[in-house]
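Under UniProt numbering, the sequence shown has 169 at position 169, and the numbering climbs by one with no breaks.
Glycine included, every Cβ here is placed at the ideal spot set by N, Cα and C.
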Amino acid sequence: MERAITFNTVHDYNVFNNNPTLHPLVNIVDLSMADPRSGHRMTFNIFCIVLKNIKCGDIRYGNHYYDYQEGTLVFFSPGQVIDVTNPEVYQPTGTALTFHPDLLLNTPLGKRMNEFSFFSYQTNEALHLSEREKKIVLECFDKITYELGQSIDKHSKTLIASNIELFLNYCTRFYDRQFITRENVNRGILEKFEELLNSYFVSEKPQLIGLPSVAYCAGELHLSANYFGDLIKKETGKSAQEYIQNKIIDTAKNKIYDAGKTVNQIAYELGFKYPQHFTRLFKQKTGVTPNEYRSMN
1 MERAITFNTV HDYNVFNNNP TLHPLVNIVD LSMADPRSGH RMTFNIFCIV
51 LKNIKCGDIR YGNHYYDYQE GTLVFFSPGQ VIDVTNPEVY QPTGTALTFH
101 PDLLLNTPLG KRMNEFSFFS YQTNEALHLS EREKKIVLEC FDKITYELGQ
151 SIDKHSKTLI ASNIELFLNY CTRFYDRQFI TRENVNRGIL EKFEELLNSY
201 FVSEKPQLIG LPSVAYCAGE LHLSANYFGD LIKKETGKSA QEYIQNKIID
251 TAKNKIYDAG KTVNQIAYEL GFKYPQHFTR LFKQKTGVTP NEYRSMN
């Protein structure tokens with residue numbers, strides 16, 4: 001790895017890429033102005049969305065790699081550390097929107113940032129844009145660039161934050177489109193999710209590690225928890241947690257038919273730490289207690 005750099009401010013990112021600082025909290029960065037470079041590690045304490053025009057090396061975030069393609073948006077948020085693992089010297093190209101969390105204080109966007117779950121996706125879950133979508137993204141960037149060219153006044157923050165929010169709203173729409181156009185891939189993930197749960201409940205894992213969590217299932221399928229949750233919601237209309245709970249209830253119903261097992265035994269076999277939690281979930285989902293269900297069937 002050639003170097004490590006931490007971006008604590010927008011100015012830090014500007015300097016790294018040889019761009020002027022027009023506003024202390026936000027900028028549209030022309031990456032082609034950066035010096036040629038090779039592999040490096042970057043720690044982000046700011047928000048950064050990069051639109052790449054060409055391949056510029058493999059990016060590693062955690063244990064996952066992503067090979068950049070043309071017209072790809074990748075989202076980084078404060079606290080993320082990524083490695084660019086290109087051993088060759090390359091010339092960066094593309095455009096980046098970067099902004100400090102302080103820009104969002106007392107703005108409607110600040111209250112909505114948690115809605116944009118793609119900031120927590122892994123780099124191999126990046127957004128692949130069509131030519132039309134790429135044009136819209138660049139138009140949003142142009143509006144922000146226009147505001148950065150004006151003198152800072154009492155309207156600047158509102159207008160810039162509003163244009164960033166517009167851009168992120170478009171990204172939400174584009175991700176919805178991507179979930180649809182990748183339906184076959186997503187369907188395969190749903191099938192693997194179902195197989196994962198089936199194998200989980202016929203193993204000793206419930207007794208060893210408890211109920212399967214969304215994070216556990218996402219990890220087993222090599223996806224981030226947010227991307228996995230959004231994908232399952234789009235495919236099934238249910239949250240991943242609801243899907244898991246429904247699988248627990250279906251499994252429990254089969255076990256209840258075994259009159260030789262008490263409800264407490266069934267609860268422990270499913271991974272519940274406390275049997276009353278199992279009874280509560282079962283009644284919530286079916287309208288009756290496990291014992292009532294047993295007597296009915």
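Simplified DSSP assignment, three categories, for ASN27: Counting from 1 along the sequence shown, the entry for residue 27 is found at position 27. Three-state DSSP puts ASN27 in a strand.
Same chain, Cβ closer than 6 Å to LYS247, five either side skipped, listed in chain order: Looking up residue 247 in the sequence shown gives position 247. Closer than 6 Å at Cβ, skipping near neighbours: LEU197.
With CYS48 and PHE76 assumed to form a contact (beta carbons below 8 Å), what rounded beta-carbon distance in angstroms separates them? For the purposes of this step, residue 48 is identified with residue 48 of the sequence shown, where counting begins at 1. For the purposes of this step, residue 76 is identified with residue 76 of the sequence shown, where counting begins at 1. With 8 Å as the limit, CYS48 and PHE76 qualify as a contact, their Cβ atoms being about 4 Å apart.
What residue range is occupied by the uninterrupted beta strand (DSSP E) comprising MET33? As a working mapping, residue 33 is identified with position 33 in the sequence shown. From DSSP, MET33 is part of no beta strand (DSSP E); its letter is neither H nor E.
Using the Cα positions of TYR66 and ALA252, report the straight-line distance between them to the nearest angstrom. On the sequence shown, residue 66 is found 66 positions in, with the first residue counted as 1. On the sequence shown, residue 252 is found 252 positions in, with the first residue counted as 1. Low local confidence applies: a pLDDT of 46 at TYR66 is under 50, so the model's placement there is unreliable, and no value is given.
Cβ-Cβ separation, THR43 to VAL89 (assumed contact under 8 Å), whole Å: Walking along the sequence shown from the start, residue 89 turns up at place 89. Walking along the sequence shown from the start, residue 43 turns up at place 43. About 22 Å separates the two Cβ atoms, so there is no contact after all.
Could you give the distance in angstroms between the alpha-carbon of LYS255 and the alpha-carbon of PRO212? Here the question's residue 255 lines up with position 255 in the sequence shown. Here the question's residue 212 lines up with position 212 in the sequence shown. Each residue's Cα considered, the two are about 18 Å apart.
Taking its Cβ as the centre, do 16 or more other Cβ atoms sit within 10 Å of VAL288, making it buried, or is it exposed? The residue you call residue 288 lines up with position 288 of the sequence shown. Exposed, because fewer than 16 other Cβ atoms sit within 10 Å of the Cβ of VAL288.
Where PHE193 sits in the DSSP three-state scheme: Translated into positions along the sequence shown, residue 193 becomes position 193. Reduced to three states, the DSSP call for PHE193 is helix.
Measuring straight from C-alpha to C-alpha, what distance separates PHE116 and GLU269? The sequence position of residue 116 within the sequence shown is 116, counting from 1. The sequence position of residue 269 within the sequence shown is 269, counting from 1. Between PHE116 and GLU269, the C-alpha separation is close to 37 Å.
Report the option in LEU231, LYS234, ASN27 whose CA atom is closest to the CA atom of PHE141. Here the question's residue 141 lines up with position 141 in the sequence shown. Nearest C-alpha to PHE141: ASN27.
Just to confirm my understanding: we take residue 302, look at its own chain, exclude 5 residues before and 5 after, and list those with CB closer than 6 Å. What are they? Missing from the structure shown is residue 302; the chain here goes from 1 to 297 and no further.
With DSSP as the reference, label ASN63 as helix, strand or coil. Here the question's residue 63 lines up with position 63 in the sequence shown. Low per-residue confidence applies at ASN63: pLDDT is 45, beneath 50, and the placement is therefore not dependable, though the value from the model is reported in the following sentence. ASN63 falls in the coil class under three-state DSSP.
C-alpha distance - ASN18 paired with ASN45, whole-angstrom precision: Taking the first residue of the sequence shown as 1, we reach residue 18 at position 18. Taking the first residue of the sequence shown as 1, we reach residue 45 at position 45. Between ASN18 and ASN45, the C-alpha separation is close to 19 Å.
Do the CB positions of LEU97 and ALA161 come within less than 7 Å of each other? Sequence index remark: in the sequence shown, residue 97 carries index 97 (1-based). Sequence index remark: in the sequence shown, residue 161 carries index 161 (1-based). Not in contact: LEU97 and ALA161 (Cβ atoms no closer than 7 Å).
So, using beta-carbon positions, are PHE174 and GLU131 closer together than 7 Å? Your numbering for residue 174 matches position 174 in the sequence shown. Your numbering for residue 131 matches position 131 in the sequence shown. For PHE174 and GLU131, no; Cβs fall outside 7 Å.
Straight-line gap, THR93 to ARG37 (C-alpha atoms, nearest Å): The count along the sequence shown starts at 1 and reaches residue 93 at position 93. The count along the sequence shown starts at 1 and reaches residue 37 at position 37. About 11 Å.
Please report the Cβ distance between LEU31 and THR107, rounded to the nearest whole angstrom; I am assuming they are in contact, meaning their Cβ atoms lie under 8 Å. What you label residue 31 is simply residue 31 of the sequence shown in a count that begins at 1. What you label residue 107 is simply residue 107 of the sequence shown in a count that begins at 1. In fact, because the Cβ distance is near 27 Å, the residues do not count as touching under 8 Å.
May I have the straight-line CA-CA distance separating TYR216 from LYS154, to the nearest angstrom? Position 216 of the sequence shown, counted from the start, is the residue given in the question as residue 216. Position 154 of the sequence shown, counted from the start, is the residue given in the question as residue 154. Rounded to whole angstroms, TYR216 to LYS154 spans 47 Å at the Cα level.
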